[in-house]
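The structure appears right after this line, and notes come after that.
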Amino acid sequence: MWEDLTTALSDPKSESKVLILASGQHHKTSIAENNQFPTILSIRNFLAPHFLLPLHPKGIETILTFSQDNLQIPNDLPLWFNPAAQLVQIRAFFLLIAYFALLLAGASLCEIFTRRFPDSETNKNDESHAFMPVAGAILFLYLLLWTLSRVFMLEIRFIGPLLRPIQPQQLPALIGLLLIAVFLFWNSSRIFNSHRSAFHRRLQSILILLLPMLSFFVIEYLPYFVAHRSGWELFLSIVHPGQKMIMHESRLQIMLSTAFSGTLFIGSLLWIQRYLIFRTNKRFNSALFCGTILTWLIASRI
Amino acid sequence: MRRRLVPSTVVFLLALSAIFLLLSAAKWIEMDGGKTLIHIIDIELDEFTYAQGRLYRPLEAQSLNQRPAVILMATPPYDKDALAPVAIELVRRGFVALTVDHKIEEIAQPDPQTTTEANAWSVLSSASALLKNQTFVDKSRLGFIAYTIDDANIQPDKDLPFFKSIAIITPQD
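So the sequences go chain by chain: A and B. Take my numbering: the last position of the first sequence gets the number 303, and nothing is skipped along the way. Take my numbering: the last position of the second sequence gets the number 176, and nothing is skipped along the way.
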C-alpha cells in the first residue's frame, strides 16, 4: 500500500527521497525485496505516544533532518539548524494549562450564576434551578471558545474538537450519553460531599488533579534518569527486545494515548466538580456541568 | 454554603486573563515571534468543493528568496491541526509549510453532470498546484509528509504530483 503511494509520488526524472516512519520491520523487508524505491533513509520506532504532542519529538526531529537533507534551505539561513531545539512542546504545555484555566472560568461562571439564581426559601433542596446556571456557563464556554479560535487561530489540542458542529442524527445518542455522564458525576459527588477537615479537602483537591498527570509523567520521564531513555522506549526494549510484539504496536500506542487523554479529561472534570461542590454545595449543579462537558468532549470525537 | 477564600468573580477574571496570556504565548511560539505569517486558506478542488488548509510562510520567503515547501496531510480521524507541531518547527527553520484537511467542504450543491468526485488525492493535487503558484515557493523543491493510521488506497489512474522528498508516518506494522 505504502509502496504504491510512494512510487506514485516519486519523481521518475529526478531522484526522490522516501522516509517511512513505521513501527514495525515489515516495510524494511518488503522494500528491500521489491527494491523499487529510490532511497529509504530510515525506518525507526519514533511513533511512541508523547503525552503533549501527537508525534514524539524524536519523530519531529527525524522529519526535520530529512527535510533539510533533501530540500536544502539556502545558505543565508541561520547556521544553527538544530532539529532537537523544539518549542512546540512548550506551546503544547501552554495550551494544556489554558484548558484547565478554561474549565476554571466555566466553573466560576457556573458559581456566579448559581448565586444569581438562589433556591427558593420554601424548598432549599430543590434542584430544579440547576439547569439555568449550568446552561449559562456552558453557553458562555462555547462562545468563549469560538471567539478564542477566531482571535488566536489556535487549535487547542484537548478542547479544539469541542468546536465541531454536532449533527442532528447524533442528538439521541448524546442525550443518552449526557444522562449516563450526569449519573456518574452525581455518584462521584458523594466523595466530595463528605464532612472532612479543611486540610483533607484541600489535599483531596490537589491529589485529584495532580495524581493522574503525575503518574503518566513519572512513567514517561523518570526512566530518563535511570536508564537514559523514556518509559516508552524502556518498555519496548524490555518487552520486545527482538521486535517481536505480543500486541500490535499501533493498537498499543492508540490505547496509551487514549488512556492518557481520558485520565486527563476525567481528572480535570473531577477537580472542577470538587471545586464547584466546595464553593456552592450544589451536587446536582456540579454533576450537570461536568457531565455536559464530558458529553461534549466525547461527542466531538465520535 | 461554605466559606470562599477568593470571590468567584476574581477567580473568573484570573482564569480569563490566564487563558489570554497562555494563548498569546502559544501564538507567539507558533508565529516565531512575528517571523512567520499564518493564513487559513481554502484549497479549491472544483467549482463546488474546497478543502481547508493552513499556510505557514516565513517572512523571509519572497519571490527573490524562494523557499522549499512541504505539504502535510493527516488522514481521518486527524485533521490539519494534527501535524501543526511539525509545520511550526519546519517554518521556524525556513521552510514553507501547508497543512491540509481531508474534509471536503461544499460551496454549493454540486451538479452531478459536471462535477467529479473529490477525494484525498485530489486535495493533494490541488494543494500542490496552489503551492506552485506562489511566488515565494521554490517549485523544484516540494516535499510531502503524511500521517495516517490507515492503509493508503492509492488510485494509479489519478494524476498525482511529484515530490522531491516524501515522508510517511504510520503506526502500521
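Heads up, the beta-carbon is just placed ideally off N, CA and C, and yes, glycines get one too. Small disclaimer: the values here were computed from a predicted structure and weren't measured.
1) To the nearest angstrom, report how far apart N136(B) and V99(B) are at their CA atoms.
2) Look at the Cβ atom of I172(B), then the Cβ atom of L65(A), and state whether they are nearer than 9 Å.
3) What number of angstroms, rounded off, separates the C-alpha of T63(A) from the C-alpha of L101(B)?
4) So, does the CB of I172(B) fall closer than 9 Å to a CB anywhere in chain A?
5) Can you give me the C-alpha to C-alpha distance between F165(B) and Y100(A), rounded to a whole angstrom?
6) Answer with buried or exposed for W147(A), where buried requires no fewer than 16 other C-beta atoms within 10 angstroms of its C-beta.
7) Count the other CB atoms, across all protein chains shown, that sit within 10 Å of the CB of K142(B); report buried if there are 16 or more and exposed otherwise.
8) The beta strand (DSSP E) with V152(A) in it runs from where to where?
9) Pull out every residue of the stretch 30-55 of chain B whose Cβ sits closer than 7 Å to any Cβ of chain A, in chain order.
10) Tell me which residue opens and which closes the beta strand (DSSP E) that R191(A) is part of.
11) Please report how far the alpha carbon of G292(A) lies from the alpha carbon of A86(A), in whole angstroms.
12) Which value, in whole angstroms, describes the spacing of the CA atoms of L295(A) and H42(B)?
13) Any beta-carbon of chain B closer than 9 Å to the one on R275(A)?
14) I want to check one thing, is the minimum distance from the CB of L97(A) to the heavy atoms of the ligand FAD below 8 Å?
15) Determine, using beta carbons only, whether S125(B) comes closer than 9 Å to chain A.
16) Closest Cβ-Cβ distance between A21(B) and chain A: below 9 Å?
17) How close, in whole Å, do the beta carbons of L105(A) and V14(B) come, if the pair is a contact with beta carbons under 8 Å?
18) Using a Cβ cut-off of 9 Å, pull out every chain B residue sitting near K59(A), in sequence order please.
19) Let me know the alpha helix (DSSP H) ranges lying completely inside the stretch 59-147 of chain B, each 4 residues or longer, listed in chain order.
20) Who are the Cβ neighbours of L223(A) in its own chain at under 8 Å, not counting the five residues just before and after it?
21) Find out if the Cβ-Cβ distance for the pair I32(B), L133(B) is shorter than 9 Å.
22) At which residues does the beta strand (DSSP E) containing S168(B) begin and terminate?
23) Looking at the structure shown, is A108(A) part of a helix, part of a strand, or coil, going by DSSP?
24) Closer than 8 Å, Cβ to Cβ, to anything on chain A: give me those residues from the stretch 81-100 of chain B, in chain order.
25) According to the neighbour-count rule (16 or more other Cβ atoms, all chains shown, within 10 Å of its Cβ), is D104(B) buried or exposed?
26) Is the distance from the Cβ of Y59(B) to the Cβ of T39(B) below 9 Å?
27) Return the CA-CA distance between K18(A) and A170(B), expressed in angstroms with no decimal places.
28) Below 8 Å on the Cβ atoms is my contact criterion, and I expect A130(B) with I74(B) to pass it. Report the Cβ-Cβ distance as a whole number of Å.
29) Listing by chain order, which chain B residues have their CB less than 7 Å from the CB of M154(A)?
30) Who does H42(B) pair with in a DSSP beta bridge?
31) Please tell me whether P169(A) has its Cβ less than 9 Å away from any Cβ of chain B.
32) For A102(A), would you say it is in contact with chain B, using Cβ-to-Cβ distances shorter than 9 Å as the test?
33) Check each candidate in G97(B), T78(B), P88(B), E92(B) and name the one with the smallest Cα separation from T151(B).
34) Less than 9 Å separating the beta-carbons of F118(A) and M133(A)?
35) Please report the residue range of the alpha helix (DSSP H) in which F67(A) lies.
36) Taking one C-beta from the stretch 263-276 of chain A and one from the stretch 172-179 of chain A each time, how about it: are there three or more such pairs within less than 8 Å?
Result, derived from the coordinates:
1) The residue labelled residue 136(B) in the question sits at position 133 within the second sequence. The residue labelled residue 99(B) in the question sits at position 96 within the second sequence. Going from the Cα of N136(B) to the Cα of V99(B) covers about 13 Å.
2) Along the second sequence, one-based indexing puts residue 172(B) at 169. Along the first sequence, one-based indexing puts residue 65(A) at 64. No.
3) As a working mapping, residue 63(A) is identified with position 62 in the first sequence. As a working mapping, residue 101(B) is identified with position 98 in the second sequence. Their Cα atoms are separated by approximately 19 Å.
4) Taking the first residue of the second sequence as position 1, residue 172(B) is located at position 169. So yes, I172(B) belongs to the interface.
5) For the purposes of this step, residue 165(B) is taken as residue 162 along the second sequence, with counting starting at 1. For the purposes of this step, residue 100(A) is taken as residue 99 along the first sequence, with counting starting at 1. Those two C-alpha atoms are separated by around 40 Å.
6) Here residue 147(A) is taken as the residue at index 146 of the first sequence, counted from 1. It is exposed - the Cβ of W147(A) has fewer than 16 other Cβ atoms within 10 Å.
7) Position 139 of the second sequence holds residue 142(B). So K142(B) ends up on the exposed side.
8) The residue given as residue 152(A) occupies position 151 in the first sequence. Run containing V152(A): none in the beta strand (DSSP E); it sits in the alpha helix (DSSP H), 132-153.
9) K30, I32, E33, I41, I43
10) By one-based count along the first sequence, residue 191(A) stands at place 190. Premise fails: R191(A) lies in the alpha helix (DSSP H), 172-193, not in any beta strand (DSSP E).
11) Locating residue 292(A) in the first sequence gives position 291, where the first residue counts as 1. Locating residue 86(A) in the first sequence gives position 85, where the first residue counts as 1. Each residue's alpha carbon lies about 40 Å from the other.
12) For the purposes of this step, residue 295(A) is taken as residue 294 along the first sequence, with counting starting at 1. For the purposes of this step, residue 42(B) is taken as residue 39 along the second sequence, with counting starting at 1. Going by the C-alpha atoms only, they are around 32 Å apart.
13) Stepping through the first sequence from its first residue, residue 275(A) is reached at position 274. Not an interface residue.
14) Annotation note on the ligand FAD: not contained in the displayed structure, which lists no ligands.
15) As a working mapping, residue 125(B) is identified with position 122 in the second sequence. Taking Cβ atoms only, chain A never reaches closer than 9 Å to S125(B), which makes this a no.
16) Along the second sequence, read from residue 1 onward, the residue named residue 21(B) stands at position 18. For A21(B), the answer is yes, since a Cβ of chain A falls inside 9 Å of its Cβ.
17) Looking up residue 105(A) in the first sequence gives position 104. Looking up residue 14(B) in the second sequence gives position 11. Rounded, the Cβ-Cβ distance is 7 Å, consistent with contact.
18) Here residue 59(A) corresponds to residue number 58 of the first sequence, with the count starting at 1. Neighbours of K59(A) on chain B: none; closest Cβ ~12 Å, over 9 Å.
19) 87-95, 123-135
20) The residue given as residue 223(A) occupies position 222 in the first sequence. The answer, listed in chain order, is G232.
21) On the second sequence, residue 32(B) is found 29 positions in, with the first residue counted as 1. On the second sequence, residue 133(B) is found 130 positions in, with the first residue counted as 1. No.
22) Numbered from 1 along the second sequence, position 165 holds the residue referred to as residue 168(B). Where S168(B) is concerned, the enclosing beta strand (DSSP E) stretches over 168-173.
23) What you label residue 108(A) is simply residue 107 of the first sequence in a count that begins at 1. Three-state result, A108(A): helix.
24) Y81, D84, A85, L86, A87, P88, V89, I91, E92, L93, R95, R96, G97, F98
25) Reading the second sequence from its first residue, position 101 is the one you call residue 104(B). D104(B) is buried by the Cβ-count criterion.
26) Taking the second sequence and counting its residues from 1, the one referred to as residue 59(B) is at position 56. Taking the second sequence and counting its residues from 1, the one referred to as residue 39(B) is at position 36. In contact: Y59(B) and T39(B) (Cβ atoms closer than 9 Å).
27) Position 17 of the first sequence, counted from the start, is the residue given in the question as residue 18(A). Position 167 of the second sequence, counted from the start, is the residue given in the question as residue 170(B). Roughly 8 Å separates the two Cα atoms.
28) Translated into positions along the second sequence, residue 130(B) becomes position 127. Translated into positions along the second sequence, residue 74(B) becomes position 71. Yes, A130(B) and I74(B) are in contact; Cβ-Cβ is about 5 Å, under 8 Å.
29) Along the first sequence, one-based indexing puts residue 154(A) at 153. Neighbours of M154(A) on chain B, chain order: I41, I43.
30) As a position in the second sequence, residue 42(B) is number 39, starting the count at 1. For H42(B), which the question treats as bridged, DSSP gives the partners L58(B).
31) Locating residue 169(A) in the first sequence gives position 168, counting from the first residue. With 9 Å as the cut-off, P169(A) does not count as an interface residue toward chain B.
32) The residue you call residue 102(A) lines up with position 101 of the first sequence. Yes - at least one Cβ of chain B is within 9 Å of the one on A102(A).
33) Looking up residue 151(B) in the second sequence gives position 148. Cα-wise, what sits closest to T151(B) is T78(B).
34) Within the first sequence, the letter at position 117 stands for residue 118(A). Within the first sequence, the letter at position 132 stands for residue 133(A). Yes, the Cβ-Cβ distance between F118(A) and M133(A) is below 9 Å.
35) Here residue 67(A) corresponds to residue number 66 of the first sequence, with the count starting at 1. Segment 58-72, the alpha helix (DSSP H) holding F67(A).
36) no
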